[in-house]
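Here the structure comes first, spelled out in structure tokens, and everything after it is commentary.
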Amino acid sequence: MTTAAQHPVRHVDVEHAPVSRAEDPATPGAGTVPDTVGAPARLRLAYREAGDPAAPVLLLLHALGESSLSWDPLLDDLAALGYRVLAPDARGHGESERPGQYSYELMTADTLAFCATLGITAAGGLAIVGHSMGAVTAALVTTALNAASPAAAEADATDATMAPVTRLVLEDAAPPRPGGPRFEPFDEPDHPVPFDWPLVNALRAQRGDPDPAWWDDALRIEAPVLVVAGGPTSNVDQADLAELTDGVAHGRLVEIRVGHMVHDEAPDEFLAVVTDFLRR
């Protein structure tokens, strides 16, 4: 791996149709988005970039509480594979705006709008690597762009100029499904954190009560899928990762036994596995 200096942060303004989610009456305010029918949602997103702007795009989506900085050490190595590598900060994270409204639907719509704004077209091609929260978003973006679910129409992503996903890497995460564990809200810490704290409990509530279509649609993904599992010390149910791998049309599971933060704890091994997958 290279040890290049940190890549500069860039910014882009994106806009997409409003996205809303019904409120759970049992937990008012958890994981909900206020009714925003009318004006489009506008958001300034930060991102880092490496590689040839004319090359196929590799999109890197980070974990909850992280930012594009977590991918920074890998950008040049991944760009050397022949990609334009783009690593955005999700809403509420890093240097992106903190609008106070958080859901996986919104993050999916943000990512689709980010791709559209940066001109990622069908002719160029698109691969996605997502870690944890970013893996869930990556799966939802894939099903939207590959027209595997009604999310495509909802997110206004059926434009033929948008790129379908050709390769998908899920790092130690899979879309949640009904019947999984419920997550109790965390208390807000008494010290500053580098992200907008309300997003934590909003997304945890959704993981405990997910849309059933998330899992079902993920199983319909036809693009090759690599699942990188963190092994027995991870806090993620590894059986779910194996089941998703077995359920998709072209799935491959690789275990790197370092826990949930795979590309942080074993960057060289992670890079080797992802490189092999992207080159197949």
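The numbering of the sequence shown is the UniProt record's numbering, which starts it at 1 and goes up by one.
The beta-carbon is built from N, C-alpha and C at its ideal position, and this holds for glycine as well.
Nothing here was measured: the structure is a model prediction, and the numbers come from that model.
In the three-state scheme derived from DSSP, where H, G and I count as helix and E and B as strand, M261 is classed as coil. Put simply, of V85, G251 and L64 the residue whose alpha carbon is nearest the alpha carbon of P73 is V85. Looking at H131, A173, A223 and E49, the one whose alpha-carbon comes closest to that of R167 is A223. Close CB contacts of P164 within its chain, under the 6 Å cut and outside five residues either way in sequence, are with L145 and N146 (chain order).
Cβ-Cβ distances below 6 Å link F270 to V262 and H263 in the same chain, with the five nearest sequence neighbours on each side left out; the list follows chain order. Cβ atoms of Y102 and L199 come within 8 Å of each other, at about 4 Å. Across the structure, L58 and V236 are spaced so that their CA atoms are roughly 25 Å apart. DSSP places V273 outside any beta strand (DSSP E); the residue lies instead in the alpha helix (DSSP H), whose first and last residues are P267 to R279. Of the candidates A63, F114, V248 and P99, F114 places its Cα closest to the Cα of M162. In its chain, beyond the 5 residues on either side, G208 have a beta carbon closer than 7 Å to the beta carbon of P181. Shown here for Y47: same chain residues with a beta carbon closer than 8 Å to its own, the five before and five after excluded, namely V9, R10, H11, V12, S68, L86, A87, P88, D89 and F114 in chain order.
For P198, the enclosing alpha helix (DSSP H) covers residues P198 to G208.
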